[in-house]
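Engineer: What follows is a single structure, and I will ask about it in a moment.
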Amino acid sequence: MTRAVYVAAGEAGSNKGTIALGMVELLSRQVETVGVFRPVVRAGREDNLINTIRSRFQLSLPYETYAGVTYDEVHADAERAAGDIVARYRALAGRCDAMVVIGTDYTDVGAPTEFEFNARLAADLGTPVLNVVSGKGRTAAEIAAAVELSSRQLAHHHARELAVVVTRAAAEHIAIDHPTPVFVLPEARSLRAPTVADLLDACDGSFFLGERNGLGREANALMVGAMSLPGILDRYTEGAAVIIPSDRAAALLPGLIAAHVAPGFPTLSAVIMTGGTDLPAPVDRLLRSMDIPLPVIATDHDTFDTATRLSAVEGQFTPEAGGKTDTALRLFAEHVDGRLLLDRLAIAKTDVVTPLMFEYELLDRARARRRHIVLPEGEEPRILRAADVLLRRGVAELTLLGDEERIRAQAAQLGLDLDEARVLSPFDAELREQFAREYARVRAHRGMTVELARDAVTDVSYFGTLMVHTGMADGMVSGAAHTTAHTIRPAFETLRLGLVSSVFFMCLADRVLVYGDCAVNPDPSAEQLADIAISSARTATLFGVDPKIAMLSYSTGASGAGADVDKVRAATALVRERRPDLPVEGPIQYDAAVDPSVARAKMPDSQVAGRATVFVVPDLNTGNNLYKAVQRSAGAVAVGPVLQGLRKPVNDLSRGATVADIVTTVAITAAQVRDDEPDAGLEDEVETAIRRH
C-alpha cells in the first residue's frame, strides 16, 4: 500500500511549499519512488511548485500526471471534480511507493470553506494531514487557538491529523498542548523575497538583455529610480531591483550596470524598464555588445503600475530559484523531527538505494556532524555556487581561500549568499608564519627550512592542507581548477598514515557499490592490495554499505595461474588473516562477484560471490577502465575518488566537476572526519597495518 501525507493550510501565506518540499525529501530517503500530487491547479499555466519538485527530485513522469483538476472545474461541478481528483490520485499512487499531496493555494476556491474542502478531500483519499498553521503576526495564544480550530475542522470532516507545523513564527519555541506533535518553523526572510522571475511574471515583463541565470536571484528590495543617477547610487541597497522608465534608460542603465560590478557599491538583483519605449539604437547596440552580469527586464506597464504590482509579490518556489529551495529544505530539516513523522506514517526504509537516496544520506550525515571544510579555490565560480548551496542546506561550515574583497564581490554579482562563510587569504601574515614553521618541522627530514616554507605555504593547496593539519579545519576539498597532483601532494606530505588509496561509490539504479583503487596506485603489491581492501571496507561501512569484498581478477577460484592471479590470491589471504571478520572472496571475476546466477555455477558455497559490494581491482589500468565502463554503459553515478589512508580527509575534484559534484564531495569529506584523530598509537588494525607497509 502506498503511504501518503496531505499537506494542508488553513489560510494563504502559510509557506506550505516549504513543508511539501521537506516531506518529499524526507520520503525520498526512505523509498525508491515518491510522487507529488496537487488536487487543484490553475488553468492555463503549469504549477510552479509541481515543477520545482519535479526538477529538484528528478521525478520522471509528465507534468499532467501530478495535477488533478482546475479551479474552474471545481466551480462548475464540485462533486464530479472530487471524483476526478480521486481517480487521478489513485492512478499516480499506484506507480509510487509514497505520495505527498499538496492542498489548494487560496486563490479562488473560496477562503472561508477552502480548508474544509481540503479536509474532505484528505478523507476521501485516505491520507493523514500535515496541518500547516501560519504564526505570522500571532501571539503564542493566538497560534494555539488557530491550531485548535483547524484540528477540530479536520476531525469534523473525518480527516486524520498526522502533526501540526507552525510556520513563519516569531519565536522558534512555542509550547502548545496538543494531541499530535507540533513543530515550529521561524520566519525566513529569503523565503519571502521574490525572485527576479517572480517580478518578471508579476509585471507581464520580458527578458530584455543581460544574464538569464539571474532570473533565479532573490530581489531583497524594490526601488523606483525616479531621480538622477547620483541620487539612485546614494540610495539603493544590496540585492535591490531598480525600476526605471524606459525613456530614461539610456541615461541610467549604463551607470547602474557599472555600479553593479564596481567594488564598494551594492550589487543589484535586476533592472526593470517600464513604459515599453525602445532604447536609442546606438545605446541598444552598445549594451548588447557588453557582458552584463544581471538581468534587465522590459514591461509595457507604466512605472506606478509596475511598482504597485511588484510590491505585492511574495516569493514562490520555481525550478530556477534553487537557493530558495535549499533554504526551505534546511529549515524543514532543522525544525521538523523527520524520524517521528516517518514512524507515525509507518514507512520503513527500503533495501533499495537509489542515487538520490545515497545523496540525501550523505547530506544527512554531514549535517548531523556540521564539520569545518576548507575550499582553497575560493575564487572559482563553481566553488562559490556550491558554497551557497552547502551553507543554505547547513551541510558544513566553510572557509574559502582567496582575496576576500574579490570573493565577496563575485558572490554578490552571482546572487549568492556567503555571509556564513569565512574567507582567508593565503598571504595572511600571522598564519603564513605559523604554517611555515609547522611545514618546515614536518618536512625537516627532506631539507625544508622556514625560509623556503614561507613561499610554499602561500600556495592554496598547501595553505588549505596545513589548516587541516593544524586543526583549523576538519577537511579539504579542491581540484576544480587544479590538477590532482597539485591538490593531494601536500596531504601526502603532512597527513599520510601510510598507503593512500581511493574508492569510487558507484550508484546504480537500485544499489551502491564501492570500487577501489581506481585513481591512485598504478600497480599495487599483494600487501598493498590487502590494505586497499581493508580500507575500502572501512569506507563502505562508514557510508552505510555492508562490505562484502571481491578481489577481482581474470579468473575465479583456483581456475587460473600466473603472477597476476597469484598476487590477488595472496592479497585475499592477507585480508583473511588481518580481518577474519570481513567477508572476502578472491580471485574472482566480475560477473561471478555481481551476478547470483553466475556465482551459483562458479562458486556456489561463497558468501560473497553474486552479492559483492566492495570490488578491489588488481591495478589502476583495470580500475579506471572498469568504473568508467560501468558509469557509461549502466548509467551509474560515480562519486569520487574518495581518498583513504590520510589522518584527516582531503578529497580531489575533477576539473570538470559540476556544482552538484562539489556539494557531494564536501558532504563526503565532512562525513569522513573521525571523532578520534588517529595517531602513532593506532588501535585500528587497518591503519596499523597500513603504517607497517
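Numbering (full-length UniProt numbering), first residue to last: 1 to 693.
Note that the Cβ used here is the ideal one computed from N, Cα and C, for glycine as well.
1. Taking only three categories from DSSP, how would you classify residue 15?
2. From residue 468 to residue 648, what distance separates their C-alpha atoms?
3. Can you find the residues in the same chain that come closer than 8 Å, C-beta to C-beta, to residue 171, ignoring five residues on each side of it along the sequence?
4. Keeping to the same chain, check which residues put their C-beta closer than 7 Å to that of residue 340; ignore five residues upstream and five downstream.
5. By a C-beta neighbour count over all protein chains shown, 10 Å radius and 16 as the cutoff for buried, is residue 524 buried or exposed?
6. Could you please give the first and the last residue of the uninterrupted beta strand (DSSP E) stretch that includes residue 641?
7. Could you give the distance in angstroms between the alpha-carbon of residue 371 and the alpha-carbon of residue 465?
8. Can you tell me whether DSSP reads residue 111 as helix, strand or coil?
9. Which residue from 455, 427, 429 and 50 puts its Cα closest to that of residue 439?
10. With respect to the beta strand (DSSP E) encompassing residue 99, which residues constitute its N-terminal and C-terminal limits?
11. For residue 682, name the three-state secondary structure that DSSP assigns.
12. State the DSSP-derived secondary structure class of residue 53, mapped to helix, strand or coil.
13. Out of 205, 210, 215 and 176, which one is the CA nearest neighbour of residue 195?
14. Whose CA, out of 61, 50, 37 and 332, lies closest to the CA of residue 87?
15. Under a Cβ-count criterion, where at least 16 other Cβ atoms within 10 Å of its own Cβ denotes burial, should residue 227 be classed as buried or exposed?
16. Is residue 174 helix, strand or coil by DSSP?
17. Assign residue 238 to buried or exposed, taking buried as 16 or more other Cβ atoms, counted over all protein chains shown, within 10 Å of its Cβ.
18. Report yes if the C-beta distance between residue 637 and residue 507 is below 8 Å; otherwise report no.
19. Report the rounded CA-to-CA distance for residue 190 versus residue 418, giving the unit in angstroms.
20. Going by C-alpha to C-alpha distance, which of 280, 334 and 242 sits closest to residue 367?
21. From the DSSP output, in three-state form, read off residue 292 for me.
22. Under DSSP, the beta strand (DSSP E) around residue 515 begins and ends at which residues?
23. Does the beta carbon of residue 523 come closer than 8 Å to any beta carbon on chain B?
24. Does DSSP classify residue 666 as helix, strand or coil?
25. When DSSP builds the beta bridges, which residues end up paired with residue 311?
26. Could you please give me the residues that DSSP links to residue 695 through a beta bridge?
27. Express the C-alpha separation of residue 93 and residue 232 in angstroms, rounding to a whole number.
28. In this structure, does DSSP put residue 75 in helix, strand or coil?
29. According to the Cβ coordinates, are residue 593 and residue 529 closer than 8 Å?
30. Could you spell out the range, first to last residue, of the alpha helix (DSSP H) harbouring residue 621?
31. Report all residues from its chain with a CB closer than 6 Å to the CB of residue 404; omit the five preceding and five following residues, and keep chain order.
32. Cα separation between residue 481 and residue 560?
33. From the DSSP output, in three-state form, read off residue 126 for me.
34. Compare the beta carbon distance of residue 578 and residue 584 with 8 Å and say whether it is the shorter of the two.
35. What are the boundary residues of the beta strand (DSSP E) that includes residue 40?
36. Are residue 325 and residue 48 close, meaning C-beta to C-beta below 8 Å?
Structural biologist: This is what the structure holds:
1. coil
2. 7 Å
3. 140, 184 and 186
4. 181
5. buried
6. 637-646
7. 15 Å
8. Its pLDDT being 48, under 50, residue 111 is placed unreliably in this model, and the value from its coordinates should be taken loosely. Note: residue 111 maps to helix in three-state DSSP.
9. 455
10. 98-102
11. Residue confidence is low: residue 682 scores 36 on pLDDT, short of 50, so the model does not pin down where it sits. No coordinate-derived value is stated.
12. helix
13. 215
14. 37
15. exposed
16. coil
17. exposed
18. yes
19. 13 Å
20. 334
21. coil
22. 512-516
23. Of the protein chains in this structure there is only one, and it is not chain B.
24. helix
25. DSSP, once it has assigned bridges, lists no residue as partnering residue 311.
26. The structure shown does not extend to residue 695, since the chain is modelled only from 1 through 693, so no value can be given for it.
27. 54 Å
28. helix
29. no
30. 620-633
31. 423
32. 44 Å
33. coil
34. no
35. 34-41
36. no
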